[in-house]
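Undergrad:
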DNA sequence: AATACGGGGAC
DNA sequence: GTCCCAGTATT
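Numbering (the working numbering), first residue to last: 5 to 363.
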């Protein structure tokens, strides 16, 4: 059955963990609701994102879209604006797609089986288990980075947690260990322990409620676990970002619906594949838009680092006339600009323009 | 199994 | 600078 033996006193472990959680858990906004829809929102936002970052977003989001149907009917532009700055924007699109399916196919009730909830867009193995256990009290595993770190130490599991295959080992372990009395507190307790006590570096073992159950602590190996390999390359790309002004409007373009920053708005950009002198920018622009772009002036220059990509951006301001504007672009006023969802680098450019008084 | 997908905080 | 975070979708 299990890939290894559980050597600890399961019932005592459950009790120690759940008691500690009841006593020490943080007062977080999504812990004040039992609405599966709102808990779902929190779990999506918390994917690869810190609790402190999520809190203000979560509050605004549930205020803006209090019910599942509110979100199902929301305009995507409004939705993305709410998500602006949180990152991983496909989460927002997938969440709405999932919510729409629940509204139509499940009469607005978030399904309570792993099979059904896992079929929803953006709901993977972790999120499925989290919503099932927290919202419905169903004893399902919810294995995230915290849980793998905590259990790798407690059970002395030395498999590389960077490998996709390894997650299954921890899912089996949780399935074996989970409390059927209080699955919600058990799963949340494991994660809370990882966040507050069993941290990546310098775990606070002397404060740990389950250190007597911890194999790594007994062998002094808590600092060596979890095993995690990591290798990633970061490419760099050069762009010219153009604020093209005409009267009181500025030209904006919508990014494609897939890939990086999908559906987000930005100032038109040109990739500088080769050495391009500032003088050539105007020519390129005029050509791209089959119109007149003049007075190009570099006003800023910055670097923006993504996970696997770095943008080196030169920001220009220019005047546009008689431009042939493609369908994915539009002229917007300063007021309209405030409504468009934009990503980090575009916010940097926008800030420079506002400071200069150009928009 | 690898890679793409954001942004911010900790060290 | 590097690593990590209440991961998932795509290839």
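Glycine included, every Cβ here is placed at the ideal spot set by N, Cα and C.
Should residue 349 go down as buried or exposed, given a rule of 16 or more other Cβ atoms within 10 Å for buried?
TA: The sequence position of residue 349 within the first chain is 345, counting from 1. Classification of residue 349: buried, given that the 10 Å Cβ count is 16 or more.
Undergrad: What did DSSP end up calling residue 126 once you bin it into helix, strand or coil?
TA: Counting from 1 along the first chain, the entry for residue 126 is found at position 122. Of the three classes helix, strand and coil, the one that applies to residue 126 here is coil, per DSSP.
Undergrad: In terms of residues, what are the limits of the alpha helix (DSSP H) holding residue 26?
TA: On the first chain, position 22 is the one that residue 26 refers to. Start and end: 14-28.
Undergrad: To the nearest angstrom, how far is the alpha carbon of residue 351 from that of residue 310?
TA: Residue 351 sits at position 347 when you count from the first residue of the first chain. Residue 310 sits at position 306 when you count from the first residue of the first chain. If I take the Cα positions, the gap works out to 14 Å.
Undergrad: Leaving aside the five residues before and after residue 133 along the sequence, list all residues of the same chain whose C-beta is less than 6 Å from its C-beta, in chain order.
TA: Here residue 133 refers to the residue found at position 129 of the first chain. So the list reads 144, 145 and 146, once near-sequence residues are dropped.
Undergrad: Have a look at the DSSP bridge pairing and note the partners of residue 301.
TA: For the purposes of this step, residue 301 is taken as the residue at position 297 of the first chain. According to DSSP, which records beta bridges pairwise, residue 301 is partnered with 321.
Undergrad: For the alpha helix (DSSP H) containing residue 154, name the first residue and the last one.
TA: By 1-based counting over the first chain, the position of residue 154 is 150. Start and end: 149-158.
Undergrad: Leaving out the 5 sequence neighbours to the left and right, which residues in its chain are closer than 7 Å to residue 179 when beta-carbon positions are compared?
TA: Your numbering for residue 179 matches position 175 in the first chain. Cβ neighbours of residue 179 beyond the five flanking positions: 145.
Undergrad: In the DSSP output, what is residue 52 paired with across the bridge?
TA: Translated into positions along the first chain, residue 52 becomes position 48. Beta-bridge pairing links residue 52 to no other residue.
Undergrad: In terms of residues, what are the limits of the alpha helix (DSSP H) holding residue 355?
TA: The residue you call residue 355 lines up with position 351 of the first chain. Unbroken alpha helix (DSSP H) run through residue 355: 348-360.
Undergrad: Can at least three beta-carbon pairs, one atom from the region 154-164 and one from the region 116-135, be found at a separation below 8 Å?
TA: no
Undergrad: Do residue 158 and residue 217 have their C-beta atoms within less than 7 Å of each other?
TA: Residue 158 sits at position 154 when you count from the first residue of the first chain. Residue 217 sits at position 213 when you count from the first residue of the first chain. Cβ atoms of residue 158 and residue 217: closer than 7 Å.
Undergrad: Just to confirm my understanding: we take residue 332, look at its own chain, exclude 5 residues before and 5 after, and list those with CB closer than 7 Å. What are they?
TA: Position 328 of the first chain, counted from the start, is the residue given in the question as residue 332. Cβ neighbours of residue 332 within its own chain (closer than 7 Å, five residues either side excluded): 257 and 258.
Undergrad: Can you list, in chain order, the residues of its chain with a C-beta nearer than 7 Å to that of residue 334? Leave out the 5 residues immediately preceding and following it.
TA: Within the first chain, residue 334 is the residue found at index 330, counting from 1. The answer, listed in chain order, is 256.
Undergrad: Going by DSSP, what residue range makes up the beta strand (DSSP E) through residue 257?
TA: Translated into the one-based positions of the first chain, residue 257 becomes position 253. Its beta strand (DSSP E) spans residues 253-258.
Undergrad: From residue 200 to residue 194, what distance separates their C-alpha atoms?
TA: Position 196 of the first chain holds residue 200. Position 190 of the first chain holds residue 194. Rounded to the nearest angstrom, the two C-alpha atoms are 10 Å apart.
Undergrad: Helix, strand or coil for residue 316? Go by DSSP, reduced to three states.
TA: By 1-based counting over the first chain, the position of residue 316 is 312. The answer is strand: DSSP assigns residue 316 an E or B state.
Undergrad: Could you spell out the range, first to last residue, of the alpha helix (DSSP H) harbouring residue 181?
TA: Mapped onto the first chain, residue 181 falls at position 177. 170-181 is the extent of the alpha helix (DSSP H) around residue 181.
Undergrad: Just how far apart, CA to CA, sit residue 53 and residue 337?
TA: In the first chain, the residue the question calls residue 53 occupies position 49. In the first chain, the residue the question calls residue 337 occupies position 333. Straight across, the Cα-Cα distance linking residue 53 with residue 337 is about 33 Å.
Undergrad: Just grab the DSSP bridge partners of residue 308 for me.
TA: Sequence index remark: in the first chain, residue 308 carries index 304 (1-based). 315, per the DSSP bridge assignment.
Undergrad: Tell me, to the nearest whole angstrom, how far the beta carbon of residue 33 is from that of residue 62; I am working on the premise that it is less than 8 Å.
TA: Here residue 33 is taken as the residue at index 29 of the first chain, counted from 1. Here residue 62 is taken as the residue at index 58 of the first chain, counted from 1. Indeed they touch by this definition, with Cβ atoms about 5 Å apart.
Undergrad: Kindly list the residues whose CB is nearer than 7 Å to the CB of residue 44, restricted to its own chain and excluding five residues on each side of it in sequence; keep chain order.
TA: Locating residue 44 in the first chain gives position 40, where the first residue counts as 1. These residues qualify, in order along the chain: 114 and 135.
Undergrad: Tell me whether residue 191 is buried or exposed, calling it buried when 16 or more other Cβ atoms sit within 10 Å of its Cβ.
TA: Counting from one through the first chain, the residue named residue 191 turns up at place 187. By the 10 Å Cβ count, residue 191 comes out buried.
Undergrad: Per DSSP, what are the beta-bridge partners of residue 249 in this structure?
TA: Here residue 249 refers to the residue found at position 245 when the first chain is read from its first residue. Residue 249 pairs with 254 and 323.
Undergrad: In the DSSP assignment, what are the bridge partners of residue 241?
TA: Mapped onto the first chain, residue 241 falls at position 237. The partner list for residue 241 (beta bridge, DSSP) reads 315.
Undergrad: Assign residue 319 to one of two classes, buried (16 or more other C-beta atoms within 10 Å of its C-beta) or exposed (fewer than that).
TA: As a first step, residue 319 is located in the first chain; it is residue number 315 there, counting from the start. Buried, since its Cβ has 16 or more Cβ neighbours within 10 Å.
Undergrad: When the Cα of residue 265 is compared with those of 27, 116, 94 and 11, which residue comes out closest?
TA: Position 261 of the first chain, counted from the start, is the residue given in the question as residue 265. Of the candidates 27, 116, 94 and 11, the one whose C-alpha sits nearest the C-alpha of residue 265 is 94.
Undergrad: Please tell me whether residue 90 and residue 48 are closer than 7 Å, where the distance is taken between their beta carbons.
TA: In the first chain, the residue the question calls residue 90 occupies position 86. In the first chain, the residue the question calls residue 48 occupies position 44. No.
Undergrad: Cutting at 6 Å between CB atoms, please list the residues of its own chain near residue 140, excluding the five before and the five after it.
TA: To locate residue 140, count along the first chain from 1; it is residue 136. Here the set comprises 116.
Undergrad: Once DSSP output is grouped into helix, strand and coil, what is the label at residue 208?
TA: On the first chain, residue 208 is found 204 positions in, with the first residue counted as 1. Reduced to three states, the DSSP call for residue 208 is coil.
Undergrad: How long is the line joining the alpha carbons of residue 210 and residue 228, rounded to whole angstroms?
TA: Along the first chain, read from residue 1 onward, the residue named residue 210 stands at position 206. Along the first chain, read from residue 1 onward, the residue named residue 228 stands at position 224. Their Cα atoms are separated by approximately 17 Å.
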